[in-house]
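For reference, the structure is listed below as structure tokens.
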Amino acid sequence: MEALQTALLTEFFPTTFGEYPEATVQSIEVIEVGGVTNAVEMIGTYYDNQYDDHMLVRAVVIPHPDRPVGITVVSQVSLDVIPVADAATLAATMGARILSSFEFR
């Protein structure tokens, strides 16, 4: 899990959102997704000048429980359209509802 957290913080976030000077990681934690208890979730925010939008980004790395592979799920929410202020609001987004249905088969 620590390696996944490190990869999100040092590789994914800077590479993907480095061009946005106000980009910040808000939280990173271990969560359960589809029965996988060691998934890692990172929540960050940034301001997109091109679209004049404050954005929330959620990246979740879900390692396969039986194989040395996994999947990374990334979703973004416009905070100007959907003001995500807590876990309940985030859970109601389309991306979160799709993620909640995920399972390895």
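The sequence shown stops at residue 114 when you use the working numbering, and every number in between is there.
All C-beta atoms in this analysis are idealised placements derived from N, C-alpha and C, irrespective of residue type, glycine included.
If you drop the 5 nearest sequence neighbours on each side, which residues of the same chain put their C-beta closer than 8 Å to that of residue i?
i	result
threonine 33	Gly53, Thr54, Tyr55
Should residue i be labelled buried (16 or more other beta-carbon atoms within 10 Å of its own) or exposed?
i	result
methionine 51	buried
isoleucine 71	buried
arginine 67	buried
With C-beta atoms as the reference, is residue i less than 8 Å away from residue j?
i	j	result
leucine 99	methionine 64	no
valine 42	valine 78	no
glutamine 14	valine 49	yes
valine 93	valine 86	yes
phenylalanine 22	proline 74	no
Excluding five sequence neighbours on each side, which residues of the same chain lie with their C-beta closer than 7 Å to the C-beta of residue i?
i	result
alanine 47	Just to set this straight, residue 47 is asparagine in the shown sequence, not alanine. Cβ neighbours of asparagine 47 beyond the five flanking positions: Met10, Val39, Pro72.
Indicate the three-state DSSP secondary structure (helix, strand or coil) for residue i in the structure shown.
i	result
isoleucine 107	helix
alanine 48	strand
leucine 65	strand
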